[in-house]
Each structure stands twice: as structure tokens, then as C-alpha cells.
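Student: Below you will find the structure I want to go over with you.
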Amino acid sequence: MGRIKYNLPVIVDFHTHIFPAKVRDNRAEYLRDPAFAALYSGPKAAIATDEDLIASMDRDGIDASVALGFGWRSHELCVETNDYVLEAAGRYPGRIIPFCAVQPLAQEAALREIERCLEGGARGIGELRADEQSFSLDDERVMAPLAELARLSGLPLLLHTSEPVGHTYAGKGTATPEVLYRFISCFPEVKLILAHWGGGLAFYALMPEVADALKNTYFDTAASPLLYRWDILAHVSRIVGEDKVLFGSDYPLLKPARLIRAIKGIGLLGQHLNHVLGGNAQRILGLGAETRAAAPPLERL
């Protein structure tokens, strides 16, 4: 294999999921958690470890991946998975970027867990899943302390989102544009990443007041081929700016190479393409040259 061509963009996958091997090997035991059961009860639902993720990154020429914590219904299981994600980041420094997930309903325990993970090297909070975890983004009593901690710490908060129309699928829920917009309006200073294009919220940025409200809001491309036609990337980039779009695959649900090829084929040029594939992620997470230095010498896709 050839060496990296350093005029090519850094590639950061902002949306991946990993679990300890014991979760994969003992899936039935963890299905007692309703949040996990909602997404992983089917035998075809893929579960990946940190080693699986790194192997995929090496194949696809990805410099770094954000490994998201999982939004269990159980606070204790959130802590357990957070430990694994932080340990994985320690095993693969510069390549796995750890986020921690919490159960917001745990309140003080959730806040302490975020602080613990921040001390352990976490670079963000998420993925939080309102429906599966049975909390409401409109519940200010629960969400305000968490949002304030995210604001004060500068940690980006990544939320699972859904479209209010269209086909059904595992994980489709009530975190739709109207609900998300209310949350953003209550906590405008929080650096927010909305998974899966924010359920279409980006299109409402054609309204000036919505565009103003989304000043700290970003949209990831996770699972795009399962939801939209691929020209969504060009449309959203024009509406909110390519500096607000983050490449994310939703690995292992989808192979990152498939999405990278689609992004490169949509017609973004030069710096616009670089921003989406990794530059925006580097800026948001404060990543530097060490991201590229950590990656092995691979030829790009």
C-alpha cells in the first residue's frame, strides 16, 4: 500500500458505535435493558468492538472516529460502556475520540458521570436517545443542568433525531424538528450535534429566525443512505453552510467507505469537501495534526 497523500483531507467519522466484546458475546443478557433491546434485539443488528472499528478505519483510510457512548436506560450500564470507550481511546490515542453517554433521568449521578468522563479524556456527550431512554427534551428540570454543564465545559452534545414523516425503522422516535428547535431555543449556547440531519431541521434554516437559532448547531450524515437521497448533502450544505455538516457513518450499521464515496461524488470541491470529511470535526473537537499522525500509512479511497 502507498503512503498517505498529505494534500488529501483528514477524514474524521463523527458517528460510530462500539461495545465491549462481552456485550456482543452475551447479547441476550443485555436485552433486558429496553433501550438496547429496541435497537439490538435482532440477530442481524451488528455489534462492533474497538478492534473492529480500527480495522474498518484502516481499510477505509479514516484518520479518527468519534466512538459514541450508548444511551442505555440504566445509568449503571451507561457507566460501564463509558469505561470501555475511554479505555479504547487510551489503546488507540488520536484515532478513537471518546464521547460519553448518560441517562439524564439519573440527574446528579449523570452530571457526576459527565465530569468523571471529562477527567478521563471524553471530548463530548452522546449519543443521547430520548425515546429509548424515556426522557423528554422538553423537560427543563432534567435537561437544564445537563445542558448547562455541556455549555460550561465546552463539550459538544450529540442527540439522536428522527423525521416526523416517512418510513418507520428501529429507533425512529419523537426527537423531531419541532422538539429539537424548542430545545435549541432554550439552550442556544450549547454546542449541539444533531444525528441523521436533525430529522430535517436543517431545511427550516431557510427561515431567518431558525438560521439564527442554529448558530451552535451541527448536522451529521449518519445513516444517510437509509433515510434520504444523497443530494441532501448538497442541499443542506447550501442552506446551513458546509461548515455545519459532519461526516458520520453510523458504523457498524453502515460501512464508512460507502458514505465517503457518496460524499466525494456529490460535487463538493476543495475546502468544502475537506470541511465535511474532517475539517469541521477537527475544529469542533479541537483536534490538531496528531489526528493525521496517528493514522497508518494508507492509500485513500
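Under our numbering, the final residue of the sequence shown carries the number 337; numbering is consecutive throughout. No residue lacks a Cβ here, since even glycine has one placed at the ideal position from N, Cα and C.
(1) Give every residue of the same chain whose Cβ lies closer than 6 Å to the Cβ of Leu188, excluding the five residues on either side of it in the sequence, and list them in chain order.
(2) Buried or exposed, going by whether 16 or more other CB atoms sit within 10 Å of the CB of Ala107?
(3) Work out the CA separation of His232 and Trp200 for me, nearest whole Å.
(4) Can the beta-carbon of Ile275 be found less than 8 Å from the beta-carbon of Leu242?
(5) Just to confirm, is the Cβ distance from Ala124 to Ile229 under 8 Å?
(6) Determine, using beta carbons only, whether Asp267 and Gly284 come nearer to each other than 8 Å.
(7) When the distance is taken between beta carbons, is Leu282 closer than 8 Å to Phe135?
(8) Cα separation between Gly162 and Gln307?
(9) What residue does the alpha helix (DSSP H) around Val272 start on, and which one ends it?
(10) Between which residues of its own chain and Gly209 is the CB-CB distance below 8 Å, once the five residues before and five after are set aside?
(11) Provide the residue span of the alpha helix (DSSP H) that contains Thr367, from first to last.
(12) Thinking C-beta only, is Thr52 closer than 8 Å to Val115?
(13) Closer than 8 Å is the cut-off here; do at least three beta carbon pairs connect the segment 78-96 with the segment 144-157?
Tutor: On the basis of the supplied data:
(1) none
(2) Here residue 107 is Gly; the residue named in the question, Ala, does not match the sequence. That one is buried.
(3) The amino acid at residue 200 is misidentified as Trp; the sequence shows Pro. The alpha-carbon atoms of Pro200 and His232 are separated by roughly 13 Å.
(4) yes
(5) no
(6) no
(7) no
(8) 28 Å
(9) 268-276
(10) Arg165, Ala166, Asp167, Glu168, His196, Ser198
(11) Missing from the structure shown is residue 367; the chain here goes from 37 to 337 and no further.
(12) no
(13) no
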